[in-house]
Every structure is written in structure tokens, then in C-alpha cells.
Amino acid sequence: MIKVMLVDHHSLMRRAVREVLEQESDLSVVAEANNELEAETLATETQPDVLLIDPDIPGGQGLETMEHLQSCSPNARMVVFVSTHQEQRVFEALQRGAIGYLTRDVEPDALIHAIHCAARNDLCIPGTLASSVVAYLRTMEQAQESSPWRPASPRLDDRNLSFTKAFTSCWSPTPDMIASMNALSRRTPRRARRTRKSSQDQSSDAIPPTRRPLTDREHQILDLMRRGQKNREIARELSIAESTVHKHVQNIFEKLHARNRTEAIYLTSSGA
Numbered sequence: 557m558i559k560v561m562l563v564d565h566h567s568l569m570r571r572a573v574r575e576v577l578e579q580e581s582d583l584s585v586v587a588e589a590n591n592e593l594e595a596e597t598l599a600t601e602t603q604p605d606v607l608l609i610d611p612d613i614p615g616g617q618g619l620e621t622m623e624h625l626q627s628c629s630p631n632a633r634m635v636v637f638v639s640t641h642q643e644q645r646v647f648e649a650l651q652r653g654a655i656g657y658l659t660r661d662v663e664p665d666a667l668i669h670a671i672h673c674a675a676r677n678d679l680c681i682p683g684t685l686a687s688s689v690v691a692y693l694r695t696m697e698q699a700q701e702s703s704p705w706r707p708a709s710p711r712l713d714d715r716n717l718s719f720t721k722a723f724t725s726c727w728s729p730t731p732d733m734i735a736s737m738n739a740l741s742r743r744t745p746r747r748a749r750r751t752r753k754s755s756q757d758q759s760s761d762a763i764p765p766t767r768r769p770l771t772d773r774e775h776q777i778l779d780l781m782r783r784g785q786k787n788r789e790i791a792r793e794l795s796i797a798e799s800t801v802h803k804h805v806q807n808i809f810e811k812l813h814a815r816n817r818t819e820a821i822y823l824t825s826s827g828a
């Protein structure tokens, strides 16, 4: 059974989506939230497999809301559900950990298809944006090839893409490329863009904060995080408890001075 949580401040929309999803025997809507605080509480309690989320909910911070919910439910796959699509926002959503991006005019069958794709960790995007996203991923792949860090990622190949006649396109496998994209995304120079400082200030900023070294186990878990694996998958691969993985992940964040997985991957891939 795939557990789905709906995060949307439109009650009629939530009701309509619930009715569509619960027609499927393997889908169950386990929670609904209409603001970020409620969403964080329910995500922690229910630990859904898929989060269908409107990031512009009351009390939220746009796409950053997804990162907050990811920390509450680390194994959930996030699908953004909005009124309109914009190319840049699709890229930003993927960079922040989304596995899918849908608009509200999606057909019921395509919505169900997208939830199943997300549960399998397959990328779900509007078919009209598929070529743009593929081009973007190709750019990221080229950047990866010139980077000192080169994790084992599948080569991007058009044969890995299968488009549905309806709304979504699904691409599998995706975890490695999503991790690579997160690490090499345009978010990386953000700190440098925040303020314009003198060259003296900039040289002092170049000295990173002191970090405690990662243990062998933490390096092992970080490598699996780079491949896009969630805590549950890491626990299964390493034959340890999921709670133990969670503790190691938090230790990694603390040692690297990272707020989330994206920053942890970036910081260890760039030598920042």
C-alpha cells in the first residue's frame, strides 16, 4: 500500500484528489494538511511514501517548505502540485528534492500514474517540459564530468525516457542523476551571491568553518545519499536500523555545517 499525504490549502482540491487516489486499491490518503505547521506535524506522525504538495501553502516558505517536510519524513517522495508550471520553478523543485511536478489540470489517470512513478522513485514531469528538463540534466552531466567528484551515475540517454499520452513523463533510473543535479545545481554559488564584499572580506570568507572528520560509516552513508537513497533504503542496504541511519545523517549535517542533504552533498563534492 502506498501512503499518500496531501498538502494543499484548497479543501475542495484535497477532496477531489482523495477521491481520485482512493479509487486505486494500492493507494491510501493517510493525511491532509492546509498549512506548513500542520503538514510538518502530520508528516512526522504518518511517515507517508508520497507527499503531494502545493509549496505555496499558508505559513510556508515556497519551495523551501519541501525541505522542511523532508526532514520530518525523510523517506517520502515529494511531488509538487501547483496551478501553473514554469521551467525555472520545475528545476528549483527538483533541486530541492522533488521527484515530480504536476499542475492542477492533470487528468485523473495521469495523477494516479504520477503517484505510482513517485513511489518507485521515477521522475514525473509535465510532458511539455520534458525536453527542457533533459537538456538541463545534460548540462548538469557535463558539469559533473568536469568536476573532481564523479559518482557512478547512469548515462543520460533518450532511451531512458518514456512519455505517456496524458500528462506526465517518467524516467527511470533517476536517483543518481537527481543527486548529481542537487550537488551541481545553480544553488551552489548562492552564498557567494548574497553580498558584495571587499576582496579582503572575500578572502576571509574563503576559510571554511572547522569541521570534524566523518567516520567511515558516515562516509558510507553519505555515498548512498549521493545516489539518492532515502534512510529506509540505506538502512536496508547496510543492514542497520533506520533510526541509526537517521542519527548518522544528523551527525553528518552537524559536522559539515549543512542544513540538508543537498548542502551535504555539495559541500563534500566541491571541497567547499
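Per the numbering used here, residue 557 is the first one in the sequence shown, and the count goes up by one each step.
All residues carry an ideal CB built from backbone N, CA and C; glycine is no exception.
**OP:** Kindly indicate the opening and closing residues of the alpha helix (DSSP H) around V563.
**Re:** Taken as a continuous stretch (DSSP letters only), V563 belongs to no alpha helix (DSSP H), being part of the beta strand (DSSP E) at I558 to V563.
Original post:
Looking at the unbroken beta strand (DSSP E) that takes in R773, where does it start and where does it end?
Top reply: That residue, R773, is in no beta strand (DSSP E); its alpha helix (DSSP H) goes D772 to R782.
Subject >> In DSSP terms, what T659 is bridged to >> reply: V638
Original post:
Considering L607, what are the terminal residues of the beta strand (DSSP E) in which it resides?
Top reply: V606 to I609
Original post:
Between the beta-carbon of V606 and the beta-carbon of I668, is there less than 9 Å?
Top reply: no
Subject >> Environment of E578 [buried if 16+ CB atoms lie within 10 Å] >> reply: exposed
Original post:
Do the segment 611-626 and the segment 806-814 meet, that is, are 3 or more Cβ pairs less than 8 Å apart?
Top reply: no
Subject >> Identified DSSP bridge partners for V585 >> reply: V560
**OP:** Quick one: give me the first and last residue of the alpha helix (DSSP H) that S567 is part of.
**Re:** S567 to L577
Original post:
For P664, which of V573, Q785 and N816 has the nearest alpha-carbon?
Top reply: V573
**OP:** Take the Cβ of D582 as the centre, count every other Cβ of all protein chains shown within 10 Å, and call the residue buried at 16 or more, exposed below.
**Re:** exposed
Original post:
Using the C-alpha atoms, what's the distance from V801 back to S795?
Top reply: 10 Å
**OP:** May I ask you to list the residues that DSSP assigns as paired with A654?
**Re:** M634
Original post:
Is I613 helix, strand or coil when you go by DSSP?
Top reply: coil
**OP:** Give the C-beta separation of A814 and M781 to the nearest angstrom, bearing in mind that I take them to be a contact with Cβ-Cβ under 8 Å.
**Re:** That pair is no contact at about 11 Å.
**OP:** Could you tell me the distance, in whole angstroms, from the CA atom of H565 to the CA atom of E594?
**Re:** 11 Å
Original post:
In terms of residues, what are the limits of the alpha helix (DSSP H) holding P664?
Top reply: P664 to A675
Subject >> Buried/exposed call for G618, threshold 16 Cβ in 10 Å >> reply: exposed
Original post:
Would you call A748 buried or exposed, if buried means 16 or more other Cβ atoms sit within 10 Å of its Cβ?
Top reply: Any reading at A748 must be qualified, since the residue scores a pLDDT of 34, below 50, and its modelled position is unreliable; no value is offered.
**OP:** Would you decide whether D678 is buried or exposed? Buried here means 16 or more other CB atoms lie within 10 Å of its CB.
**Re:** buried
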